[in-house]
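Per the working numbering, the very first residue in the sequence shown carries number 225; after that it's consecutive.
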Amino acid sequence: MKITEIFEKKSKTFSFEFFPPKSLKANIEFGINLGQLLKLSPDFVSVTYGAGGSHQNASFDLVDYIQNKHQLTTMAHYTCVGANEERIKADLDYLQGLGVENLMLLRGDPPKGQSTFEKQESGFNNASDLVAFAAKNGQSAIGVAGYPEKHPEADNMASDIDYLKYKMDQGADFVVTQMFFDNDFYFSFVEKCRQAGITARIIPGIMPITNYNQIKRFSEMVNANIPQRIVNALEPIKDSPEKMYTAGVYLALKQCMELLERGAPGLHFYTLNKSRATVEIFEAIPEWLKR
225 MKITEIFEKK
235 SKTFSFEFFP
245 PKSLKANIEF
255 GINLGQLLKL
265 SPDFVSVTYG
275 AGGSHQNASF
285 DLVDYIQNKH
295 QLTTMAHYTC
305 VGANEERIKA
315 DLDYLQGLGV
325 ENLMLLRGDP
335 PKGQSTFEKQ
345 ESGFNNASDL
355 VAFAAKNGQS
365 AIGVAGYPEK
375 HPEADNMASD
385 IDYLKYKMDQ
395 GADFVVTQMF
405 FDNDFYFSFV
415 EKCRQAGITA
425 RIIPGIMPIT
435 NYNQIKRFSE
445 MVNANIPQRI
455 VNALEPIKDS
465 PEKMYTAGVY
475 LALKQCMELL
485 ERGAPGLHFY
495 TLNKSRATVE
505 IFEAIPEWLK
515 R
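What follows is the structure, encoded as structure tokens:
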């Protein structure tokens with residue numbers, strides 16, 4: 225089922241992001257966590273593609289497994305890094321052959337060892353080119369990324385939203401945001417998108433802070449500010465895993481409930497292939513807020 229068809233039936237959706245495990249141990253742990261998360265009956269899940277287009281086979285295998293083994297609507301991430309038009313067409317055709325009807329299309333990060341994005345010969349420069357190419361066949365619902373605090377490479381928020389509008393005009397159907405920790409950034413972003421003529425659903429991306437040092441690295445990579453009030457609360461307990469976990473889950477639950485109360489159309493959890501925090505947060509959200 226296309227995610228856009230789910231939108232027609234539900235005003236709020238709840239979804240999870242996974243990445244392909246990179247070892248046997250990680251794969252076993254992921255299988256257990258996946259089982260726990262699927263008990264929550266998510267509306268859809270997404271599977272990442274890997275920096276620089278790495279781990280492609282593992283990504284497609286995981287998409288196939290969740291989509292067909294578990295019969296769950298699965299959105300495949302896909303980037304244009306390191307691929308020419310012929311390769312991209314073959315990959316998208318392959319995903320379509322697996323029954324995948326949903327794509328998250330991104331430019332992607334440079335491969336390891338490269339500091340800047342380099343266009344492949346006969347390839348695409350950016351996500352908008354990829355969206356336009358994929359939209360030609362009309363077989364998939366297309367999601368793109370949104371940045372409530374602007375993309376790290378964007379000159380300013382206005383130009384970043386103009387580019388997002390261009391991606392929508394090229395054929396994208398909905399937006400999933402990068403993680404953020406101050407809800408005002410999300411609602412300001414949505415308002416600016418509406419003013420720019422973007423009418424599509426904009427789903428907030430959520431990443432619970434259960435490992436302080438890890439989340440600081442992630443937030444710096446994607447230009448996500450951690451508010452000082454959160455820093456003040458977490459800095460003193462960053463070396464106490466259980467206290468850190470408890471506080472992080474509480475803060476994420478508070479964030480999620482406020483988002484839903486203020487009208488967000490659901491939540492997309494960046495699970496990092498873990499289940500405990502997401503399960504506890506999701507189960508603590510009152511049912512009336514999920515409808």
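By construction, the Cβ of each residue, glycine as well, lies at the ideal position given by its N, Cα and C atoms.
| task | Would you be able to state if there are at least three C-beta pairs under 8 Å between the region 414-427 and the region 438-457? | result | no
| query | Going straight from the alpha carbon of A396 to that of A300, what length do you get? | reply | 14 Å
| Do you know whose CA, among L316, G362, P460, L388, lies nearest F284's CA? | L316
| Hey, quick one: how far does the alpha helix (DSSP H) through L513 stretch, first residue to last? | 511-514
| message | Using 7 Å as the threshold, is the C-beta distance between Q320 and Q363 below it? | response | yes
| query | Is L258 closer than 7 Å to F240 when the C-beta atoms are compared? | reply | no
| field | Spatial distance of M431 from G367 (CA atoms) | value | 19 Å
| When burial is assigned at 16 or more other CB atoms within 10 Å of the CB, is D379 buried or exposed? | exposed
| Quick one, which of F268, I256, E310, F243 has its alpha-carbon nearest I230's? | F268
| query | Per DSSP, what kind of secondary structure is M299 in: helix, strand or coil? | reply | strand
| message | I need the boundaries of the alpha helix (DSSP H) containing Y410, first residue and last residue. | response | 407-419
| said: Would G429 and M445 qualify as a contact pair, given that the criterion is a beta-carbon distance under 7 Å? | reply: no
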